[in-house]
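Worksheet: one structure, shown below.
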Amino acid sequence: MKIKYCDALVIGGGLAGLRAAVAAAQKGLSTTVLSLVPVKRSHSAAAQGGMQASLGNAKMSEGDNEDVHFTDTVKGSDWGCDQEVARMFVTTAPKAIRELASWGVPWTRIKRGNHEAVINTKRTTIFEDNDKHGLINSRDFGGTKKWRTCYTSDATGHTMLFAVANESLRLNVNIEDRKEAIALIHHENRCYGAIVRDLITGEIAAYVSKGTLIATGGYGRIYEITTNAVICEGIGTAIALETGIAKLGNMEAVQFHPTPLFPSGILLTEGCRGDGGVLRDKDGHRFMPDYEPEKKDLASRDVVSRRMMEHMRKGKGVESPYGTHLWLDISILGREHIEKNLRDVQEICEYFAGIDPADEGRKGWAPVHPMQHYSMGGIRTKPTGESPTLKGLFSAGEAACWDMHGFNRLGGNSVSETVVAGMIVGNYFADFCIENQIDIKTEIIEKFVFEKEAYMKELVSKDTGEDVFRIKNRMKRIMQEYVGIFRDGEGLEKAVSELEQLYVKSKNVAVKNKQLSANPELEEAYRVPMMLKVALCVAKGALDRTESRGAHTREDYPKRDDANWLKRTLTSWKEGDLMPTVEYEPLDIMKMEIPPGFRGYGAKGNLIENPQSAIRQQEVDEIREKMESEGKDRYEIQEALMPFELQSEYKRVNIRLGDK
Amino acid sequence: MARELTIKVLRYDPQQKSNGSVKAYFQEYKIKEADSMTIYLALTQIRETLDAGLSFDFVCRAGICGSCAMMINGRPKLACRTLTKDLPNEIILLPLPTFNLIKDLSVNTGVWMDAMSKRVESWIHSSKEIDIANIEEPVEPEVADAVFELDRCIECGCCVAGCGTKLIKEDFVGAVGLNRVARFECDPHDERTIDDYYELVGDDNGIFGCMTLLGCEDTCPKHLPLQNKIAYMRRKLATVKGS
Ligand SMILES: Cc1cc2nc3c(=O)[nH]c(=O)nc-3n(C[C@H](O)[C@H](O)[C@H](O)COP(=O)(O)OP(=O)(O)OC[C@H]3O[C@@H](n4cnc5c(N)ncnc54)[C@H](O)[C@@H]3O)c2cc1C
Ligand code: SF4
Ligand code: SF4
Ligand code: FES
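Protein sequences, first through last, are from chains W and S. Positions -13 to 646 (the numbering used here) are the ones given, in order, by the first sequence. Positions 2 to 244 (the numbering used here) are the ones given, in order, by the second sequence.
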């Protein structure tokens, strides 16, 4: 039996995992990163549009700062987020991007003088002052007050990931790819690493560590149509769930992106609309202003996705052999702009839809349809990134729910979160690994290994049983149909009961290929039951939450219900159960810096208010007024309203152009 | 009318070497072509309906991550964005040469690329202490664009697979590595000098091994200007050391 020891074990080599590994390696810890694929191929590579950070450099970002970013993020979350975490995030994001710049990310820079932009379909000239020349530029994204999304053309995730991966190589982080964590080693509510399967040789080994951090990304592949990479199956989330001790937060909060290419599901970045592209219907009509006169095509993602579905239901969609879709028109931005700033988008359209989006008029329009895109839910953690119930287990990035996105994430806030969490949580994690020892008996580790070895053998030994691909595809279909953009009680009931039956079936799969090494079918056989557990957490959470908040839209409960539902869903899984255990964790209005209010979309009355909101609002207003009259600055006022903890190096004031 | 495609895949499982009898062979699969079918879609269909044991690698399936390079009718290409309609009825798929074979179409590019990154020290070398709370160093927009242009490499391995030199010289760093050197050479954050780069790639396994046959640039799916950049680095390295 193979046991490998290290100080810090990071499961997942995307942006979050690698940045956390850098934090551990910087503190001199022996650090191992596991990944299903070479780390530079992680899903983070696919992020196109950009990373939010309130640098306030460009003309259109002037006046931006942490407070504005914070307000956008809280509103974007539909008040579902943890405001202290959102504060930690917005304070660190400018530092994260500046660190990345020094690691070589070739951020697109500001050029002095006049340049053209398309705003609200009109060509506009923007003038950039001399002193901004060469600083990091930013573009517009949905749901933000300022142009805050920094970018490298439309390959932002790629350039970020390569920089962080190279930094990990520089620090001699031990990166092992094609290694899959299939269970966590834990004993008496403390985590000691993971059981890992080598995807080439099939060997099962124990990776034992002082601390363990899960950064395995989202679980989009439980849906039929998704923008996510094929490896985003939620296995990291599932192994935390399977401990029976760690809990998942807000799993029903699933984001749908408005503009993946139809039908392939390959994403066309929000930067398309951020840069001035618009949505059109079958008549070529730009319909978003009819629904959202203020934000138009740049309303929050959940809002645009719903409006698109609504518009198609009215018969305004374009019929095609694959179903109904709408158009995304970026041709109005001009060929030059597209060939420089939206080059991958252009290539994707050419390869996957056979069109050149720079062609003027209908010829260049791309067929789009909202699809699953992002998992707001994940492994529930404290603001330090540690599980409140399983000591020594940390999580960061899309896999985690430390909860800065609440029920809807803003575009550009995710890759930003991955590096920011990698810094903050990475540090807390490293400290844990310094302060704690491995005090688990070898017998206990062995038990975990033997169990998994036996399980693999059992899987390949069965000659008759279910076909794993059929179960998997059925699960995806159910999620697509009943747990999608619009949800209702009846559909969700169906989903939950059918997923439960599938879960039972999935335990009786027959694998045709009998090899224990490099065997894709065997991988499916042990992953699908785990995916079904994750899917059940999503569906059950959605069924029980009888309100609409952010991306979670119940047609039978269309109002956001702050009186009853201002709380986070927690799901856990007891061994042997067929259904997750659902509990709730209340959000404390009286501690919020921004008490719940109107988000700025749709009808104002679409909200069941919590009486505490008004009380807290009054309190906030009074403190603010008093302190302003005393001449206190915005940092002091913020501290009085909602103190938050953050490592001192990250809490420092961010300097911007024009500051004294 | 939908075509019937014959997809021939080279099957070999080095993991099974120990039982001696296992040989490489071609396996044929017949499937109906669907509209806008890619090799990714075709192989996924084969695995789900015809042969669950077939190994291949896809991650993003959008031409972004570089996982899926393979030989498609003799040329190294990204399989996820290769449309079957652009190919004849018979499609022959082989794993990328020169990399370690994992099984069937799956090769171990990651290990090779990590070693390459370490070899050319593919990270910023700087002696400056950066204060991340302070305003970032300005960079000329054109320079940032130029760095980005070379930073776009996705480590797919097509250029390595298409390189004659690499086939002869196992330790050749490949166009991907030379491009990396060029990328850092033009990045103002990096303080390395031409002498430093000479130490890294100033030999026959580096810049002077390249025969400028252009196999790399022809196959690079990201259309990186490999030819120009290799020539540029060669000139620079040759003049500085005068070797
Ligand atoms: C197409 C697309 C475009 C996007 N564009 C943007 C954008 O412009 N801006 C933005 O802010 N966000 C964007 N996002 C979202 C953002 O890219 C992701 O949320 C983010 O990159 C997730 O990073 P991560 O580090 O958490 O996980 P990932 O990058 O998904 O990495 C997960 C890692 O975990 C590993 N792994 C998984 N399971 C296991 C296991 N069991 N054992 C071992 N390793 C495992 C994987 O190999 C991988 O290395 C986009 C998302 C998509 C789908
Ligand atoms: S020019 Fe030819 S020899 Fe040189 S790296 Fe490219 S393919 Fe190889
Ligand atoms: S240079 Fe081009 S072909 Fe070579 S690895 Fe990079 S992207 Fe692939
Ligand atoms: S699967 Fe990512 S490039 Fe083909």
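A virtual CB, placed ideally from N, CA and C, is assigned to each residue, including glycine.
Interface flag, residue i vs chain S, CB-CB below 8 Å
i        : result
W/ARG5   : no
W/TRP551 : no
W/ASN394 : no
W/VAL663 : Residue 663 of chain W is absent from the structure shown; chain W starts at -13 and stops at 646.
W/ILE334 : yes
W/SER492 : no
W/THR138 : yes
W/PHE630 : no
W/ASN640 : yes
W/GLU85  : yes
Interface residues of chain S facing residue i [CB-CB closer than 8 Å]
i        : result
W/TYR337 : GLY64, ARG82, LEU84
W/ASP261 : The contacting residues do not exist; W/ASP261 stays about 17 Å from chain S at best.
W/GLU121 : Note that residue 121 of chain W corresponds to Leu in the displayed sequence, not to Glu. Near W/LEU121 (Cβ distances below 8 Å), the residues of chain S are ILE136, GLU137, PRO139.
Partner residues on chain W for residue i, Cβ-Cβ distance less than 8 Å
i        : result
S/THR110 : PRO24
S/GLY54  : LYS498, ASN499, GLN501, ASN505, PRO506, GLU507
Residue i (DSSP reduced to helix, strand or coil)
i        : result
W/GLY470 : coil
W/TYR570 : strand
S/GLY243 : In this predicted model, S/GLY243 has a pLDDT of only 49, less than 50, meaning its place in the structure is not dependable; the value taken from the coordinates is given anyway. Here S/GLY243 sits in coil by DSSP.
W/LYS498 : coil
S/PHE57  : coil
W/MET146 : helix
W/MET294 : helix
W/GLU114 : strand
W/GLU421 : helix
Residue of the options minimising C-alpha distance to residue i
i        : options                                : result
W/PRO92  : S/GLY165, S/LEU106, S/TRP124           : S/TRP124
W/CYS523 : W/ALA481, W/ASP574, W/SER317, W/LYS196 : W/ALA481
W/SER28  : W/SER40, W/LEU4, W/LEU(-5)             : W/LEU4
W/ARG531 : W/MET237, W/MET46, W/ALA151, W/GLY129  : W/MET237
W/ALA407 : W/THR370, W/LEU396, W/PRO353           : W/THR370
W/GLY128 : W/ILE122, W/ARG395, W/ASN152           : W/ARG395
W/GLU336 : S/THR240, S/PHE209, S/TYR26, S/LEU84   : S/LEU84
W/GLU322 : W/THR212, W/HIS101, W/GLN34            : W/HIS101
W/LEU556 : W/GLU569, W/ASP563, W/PRO279, W/ASP574 : W/GLU569
W/THR107 : W/LYS196, W/ARG272, W/LYS(-12)         : W/ARG272
S/ASP205 : S/LEU179, S/CYS217, S/ASP219           : S/LEU179
W/THR212 : W/LYS577, W/ARG535, W/ARG463           : W/ARG463
CB contact below 8 Å: residue i versus chain W
i        : result
S/ASP87  : no
S/GLY243 : Because the pLDDT of S/GLY243 is 49, which lies under 50, any placement of that residue in the model is unreliable, and the number read from its coordinates should be weighed accordingly. Not closer than 8 Å to any Cβ of chain W, the Cβ of S/GLY243 fails to qualify, so no.
S/GLY67  : yes
S/CYS61  : yes
S/GLU1   : Residue 1 of chain S lies beyond the range of chain S shown here (2 to 244); nothing can be said about it.
S/VAL148 : yes
S/ALA25  : no
S/LYS119 : yes
S/ALA35  : no
Under 9 Å from the C-beta of residue i: neighbouring residues of chain S
i        : result
W/SER88  : ILE125, SER127, LYS129, ILE131, ILE133, GLU137, GLU138, HIS190
W/THR388 : Note that residue 388 of chain W corresponds to Trp in the displayed sequence, not to Thr. The contacting residues do not exist; W/TRP388 stays about 21 Å from chain S at best.
Under 7 Å from the C-beta of residue i: neighbouring residues of chain S
i        : result
W/LYS97  : PRO142
W/SER661 : Outside the displayed range of chain W (-13 to 646) lies residue 661 of chain W, so it cannot be described from this structure.
W/PRO92  : ALA145, VAL148, PHE149, ASP152
Proximal chain W residues relative to residue i, where beta-carbon distance stays under 9 Å
i        : result
S/MET114 : PRO24, LYS26
S/GLY175 : The premise fails here: S/GLY175 is roughly 16 Å from chain W at the closest Cβ pair, so nothing lies under 9 Å.
Amino acids of chain W, ordered along the chain, whose beta-carbon sits closer than 7 Å to that of residue i
i        : result
S/PHE100 : Ordered by position in chain W, no residue passes the 7 Å Cβ test against S/PHE100, which lies about 11 Å from the chain.
S/LYS104 : ALA504
S/ARG48  : PRO506
### Task
Go through the residues and name those whose CB comes closer than 7 Å to any heavy atom of ligand 5, in chain order.
As for ligand 5, it is missing from this structure, which binds only ligand 1, ligand 2, ligand 3 and ligand 4.
### Residues in the segment 68 to 83 of chain W having any Cβ partner in chain S nearer than 7 Å
LYS81
### Task
Check distances from the C-beta atoms of the segment 149 to 171 of chain W to those of chain S and list, in chain order, the residues that come in under 7 Å.
ASN152, GLU153, LEU155, ARG156, ILE161, ASP163
### Query
According to a CB-to-CB cut-off of less than 8 Å, which residues of the segment 172 to 197 of chain W neighbour chain S?
ILE186, THR187, GLY188
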